[in-house]
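Taking our numbering, the leading residue of the first sequence gets 246, the next gets one more, and so forth. Beta carbons are placed, not taken as given, at the ideal position from N, Cα and C, and that holds for glycine. Source: prediction; values computed, not measured.
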Amino acid sequence: MRFSRLLVPTTKETPNDATLASHIFLIRGGFIQSVGGSGLYNFLPLGKRVLDKVRNVVKEELDKAGCQEVSLAFVTPASLWQESGRFEKYGKELLRFRDRKENDFVLGPTHEEMMVNLVRQSVKSYKQLPLNLYQINLKFRDEIRPRFGLMRGREFLMKDGYSFHASEEDMKREFDLMEETYKRIFTRLGLEFRVVEADSGAIGGSGSKEFMVLAGSGEDTIVVCEGCDYGANIEAAVRQEKVCEAPAPTLANEKVHTPNVTTIEDLVAHFKVDPYYLLKTVAMRALYDEGKSEIVLFVIRGSDTLQEVKACNAVDANELIEVNDEELEEAGLTPGYMSPMGLPSGVRVVIDETLKGASDMICGGNEVGYHMTGVSLEGVDALYEDIVAVQEGDTCAKCGGRLRYTKGIEVGHIFQLGTRYSQPLGCTFLDENGKAKPMEMGTYGIGVSRLLAAIIEQHHDEKGCIWTEASAPFRLHIIVSNIKDEAQLALGEKLYEAMQAKGIEVLFDDRKDRFGAKMKDYELIGIPHAVVIGKKLSDGLVEFVTREGLVKEEVAADEIITVAEERLCSY
RNA sequence: CGGAGUGUAGCGCAGUCUGGUAGCGCACCUGGUUUGGGACCAGGGGGUCGAAGGUUCGAGUCCUUUCACUCCGACCA
246 MRFSRLLVPT TKETPNDATL ASHIFLIRGG FIQSVGGSGL YNFLPLGKRV LDKVRNVVKE
306 ELDKAGCQEV SLAFVTPASL WQESGRFEKY GKELLRFRDR KENDFVLGPT HEEMMVNLVR
366 QSVKSYKQLP LNLYQINLKF RDEIRPRFGL MRGREFLMKD GYSFHASEED MKREFDLMEE
426 TYKRIFTRLG LEFRVVEADS GAIGGSGSKE FMVLAGSGED TIVVCEGCDY GANIEAAVRQ
486 EKVCEAPAPT LANEKVHTPN VTTIEDLVAH FKVDPYYLLK TVAMRALYDE GKSEIVLFVI
546 RGSDTLQEVK ACNAVDANEL IEVNDEELEE AGLTPGYMSP MGLPSGVRVV IDETLKGASD
606 MICGGNEVGY HMTGVSLEGV DALYEDIVAV QEGDTCAKCG GRLRYTKGIE VGHIFQLGTR
666 YSQPLGCTFL DENGKAKPME MGTYGIGVSR LLAAIIEQHH DEKGCIWTEA SAPFRLHIIV
726 SNIKDEAQLA LGEKLYEAMQ AKGIEVLFDD RKDRFGAKMK DYELIGIPHA VVIGKKLSDG
786 LVEFVTREGL VKEEVAADEI ITVAEERLCS Y
């Protein structure tokens, strides 16, 4: 491709809302263009080329693993989502609309319902199983707060795959196969990543794993062990039960006057105890289907923090939101002095499972200005669940090593669904005995457009993008310093043609611009290799440049074609 | 959802307080010079000032309404 014919609107200036490297460089490099609406982008020729590269890697590996590509209808009848029960559950991120006949439709962020519908119409026998179908199509998710360019857009390209099995064992076999396939995909793309245990979120189902590209700018906090390969999203991470070295306070079971002592810090100072022995009561409003909601009290140790996703799962709510003091008082609760003991009836309480039977605790008195000491939770009737967040320095449940936090970008997520969708949607098959059974399912996603952002987050420098070999829009960038110099231009043309003849994708900068401008564009766009034909051609020399580290080597001009071929074909 | 802020040329912004011919930089077009680190000179094109209503002889500017977008927050009772 000739640069002079390519639409690449590179800019010197950074858009004012861009903060992440990937967002800045993808826009400045002319890969994508903001559509003015939030979270919507056009892919320009360079961006589209990268997208196709990434998409092909995904497709090749999936096809190798026996998956089959399909393309589902973009617009989904809402009735399918009502059948599965997700129409309410998915919340506002689901874009809903009506056609001229007032029928409800959705633009699906994921297509379990649609795929199940496809399969239940055409698969009837165990002989047709297993089956793994996928598509790579646009998805829409009406994000609360789209940001970070392609990282969290509202419209995005995603690969979503679904597998169907006659038995749970076979589904688990496929789940493992997909884990291996995903690892191959991300490795081919040149990414450093980690597979972690995850929460299943609105998709539902049991065991799920996320594929996290490690990057400081990642939106997800992941917990990793320094001693073994344990890794988990903070939303699902577990730890060995904490022990406290400080002695338990030995106080009588009584009500104590504690004016203006309302925070954990205040209590620690007031009673001179380790926060481990305090009960922290966090009130949240849990939202359910059909607009129902209730206030729930989550009780954890003062030394812990509430993990909202775990808490939400514990009460099987769609979402948890904050409640203000007025709402608490209306419900008969006392902000600052709440506790699970002696509550007005009808308030739902969830207690962290490690507090079952705990004694010598201090908690609120459910009365302004009073706390209770010497409290025991022995025999307290409540829901006991794991609702706390693992903290840095906690102990790994698997090996006893030290756990620490790191940041990751979620680029893939695989789920063991079981019969979560096949059951309600009546997706059944006849087994060897002629008995109808719901199919065991798995579901597997990859954020294809997000991968572009993830690659740049992990591979860039202060000057611009550094694409990996498998993702680069072109393999080689040829820069002719001065196109009015006939010898320079002639060599450029010759090299350009030779590379094309070898099937190497090459970008040839034949523009009339000055040297500096062309180099800036090269560095910004980030094609892995370049040949600079300039001044030293009069001495019979050109430069071979590697974008990573901007390493420059002088090469004899009459050998450059051979050298370039060797370097590029070795990949 | 809570708080703060911004809407003026493709992009980045000034002008609004104090109403009076719509501006600057980048980008773009023409001509010329220049060619190893985002060049220079000269000339030029491009705007329903987010939208609607109001006040006024006159509104980008003042008033009302509305829409959109951005940023921060949405664990520590």
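Can you tell me the Cα-Cα spacing of residue i and residue j, whole angstroms?
i    : j    : result
P683 : L307 : 25 Å
E811 : V790 : 14 Å
A743 : T807 : 10 Å
E338 : Q485 : 36 Å
I509 : T550 : 11 Å
N348 : F319 : 16 Å
E714 : E571 : 58 Å
C710 : H658 : 26 Å
I872 : D766 : Summary: the structure shown does not reach residue 872, with the chain confined to residues 246 through 816, and so no result is reported for it.
E685 : F674 : 10 Å
I728 : G761 : 14 Å
F660 : E424 : 10 Å
K404 : T618 : 55 Å
L291 : F719 : 9 Å
P260 : G536 : 40 Å
E793 : Q703 : 12 Å
Y407 : D676 : 20 Å
I596 : A627 : 7 Å
V513 : G771 : 54 Å
V483 : A556 : 14 Å
A411 : S590 : 47 Å
I467 : Q636 : 11 Å
A266 : S462 : 9 Å
F342 : V656 : 29 Å
K680 : E419 : 23 Å
K800 : H774 : A small fix is needed here, since residue 800 is Val in this sequence, not Lys. Looking at the two C-alpha atoms, the distance is approximately 14 Å.
K369 : R390 : 43 Å
L573 : L588 : 12 Å
A443 : K454 : 5 Å
V560 : N382 : 34 Å
Can you tell me where the alpha helix (DSSP H) holding residue i begins and where it ends?
i    : result
I467 : Where I467 is concerned, there is no enclosing alpha helix (DSSP H), although the beta strand (DSSP E) it sits in stretches over 465-470.
M380 : Note that residue 380 corresponds to Gln in the displayed sequence, not to Met. Careful: Q380 lies outside any alpha helix (DSSP H), inside the beta strand (DSSP E) at 376-385.
Y360 : It should be noted that the sequence gives Met, not Tyr, for residue 360. Run containing M360: 357-367, per the alpha helix (DSSP H) assignment.
M403 : Not the alpha helix (DSSP H): M403 falls in the beta strand (DSSP E), residues 400-410.
R331 : 331-334
S538 : That residue, S538, is in no alpha helix (DSSP H); its beta strand (DSSP E) goes 538-546.
L573 : 570-575
Y427 : 413-433
F270 : 266-273
Let's see if you can read the secondary structure: which residues bound the beta strand (DSSP E) around residue i?
i    : result
R235 : Nothing can be reported for residue 235: it is not among the residues displayed for the chain, which extend from 246 to 816.
A804 : Ala is not the amino acid found at residue 804; the sequence shown has Glu there. First-last for E804: undefined, no H or E at that position.
K500 : 499-502
I817 : Not covered by the structure: residue 817. The range shown for the chain is 246 to 816.
P322 : 320-322
N287 : 286-288
I566 : 564-567
Tell me, to the nearest whole angstrom, how far the beta carbon of residue i is from that of residue j; I am working on the premise that it is less than 8 Å.
i    : j    : result
A699 : L436 : 7 Å
Y582 : V541 : Not a contact, Cβ separation roughly 18 Å.
L670 : E358 : 7 Å
V544 : L524 : 6 Å
G275 : V295 : Not a contact, Cβ separation roughly 12 Å.
K652 : A460 : 6 Å
R439 : V469 : 7 Å
L600 : R546 : 7 Å
For residue i, I'd like the list of residues in its chain whose CB is within less than 6 Å of its CB, leaving aside the five on either flank, ordered along the chain.
i    : result
A493 : Y522, D605
E564 : L532
A603 : L622
Apart from the five residues on each side of it in sequence, which residues of its chain come closer than 7 Å, Cβ to Cβ, to residue i?
i    : result
E598 : Y629, E630, D631
L422 : A310
A576 : I540, V592
Y741 : I723, V751, F753
C473 : C641, K643, C644, G646
E768 : K708, G709
V351 : T321, A323, W326, L339, L340, R341
V302 : I430, R433, L434, A715
Under 8 Å Cβ to Cβ from residue i, same chain only, skipping five residues before and after it: list those, please.
i    : result
E819 : This structure leaves residue 819 out entirely; the chain is present only between 246 and 816.
* **Length at least 3, wholly inside the stretch 581-658: the beta strand (DSSP E) runs in chain order** => 593-597, 606-609, 615-620, 628-630
* To do: Pick out the complete alpha helix (DSSP H) segments inside the stretch 478-528, 4 residues or longer, and give them in chain order.
  => 509-516
* Can you give, in chain order, each stretch of the alpha helix (DSSP H) that sits fully within the stretch 719-778 and has at least 4 residues? -> 731-746, 760-770
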